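Taking it in order: structure first as structure tokens, then the write-up.
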Amino acid sequence: MVPPVATPFDTESVDFLEPLVPFYKIASANITNKPFLEYIAEKEKQILLSTGASSISEIWRALE
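Residue numbering for the sequence shown follows my numbering, beginning at 1008 and increasing consecutively.
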């Protein structure tokens, strides 16, 4: 069985999804949204980070 996957776009969505998903998928549009990435990182779940057309430096900053 495949676990549910969801892509939150705001902190309220993250809070709603917290008990429902085993990991978070982050849209490439949010790769430079550091406060949002930090908020999700605080949940201590795995992250699937979409990179889209991001530059390598944007990807490295998101991973930090």
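The beta-carbon is built from N, C-alpha and C at its ideal position, and this holds for glycine as well.
Values in this document were obtained by computation on a predicted structure and should not be read as measured data.
| Item | Value |
| --- | --- |
| Backbone secondary structure at residue 1033 - three-state DSSP | strand |
| Status (buried if at least 16 other CB within 10 Å, exposed otherwise) for residue 1027 | exposed |
| Runs of alpha helix (DSSP H) wholly within the region 1013–1060 (minimum 4 residues, chain order) | 1018–1024, 1041–1048 |
| Helix, strand or coil at residue 1071 [DSSP, three-state] | coil |
| Distance between residue 1011 and residue 1065 (C-alpha atoms, nearest Å) | 27 Å |
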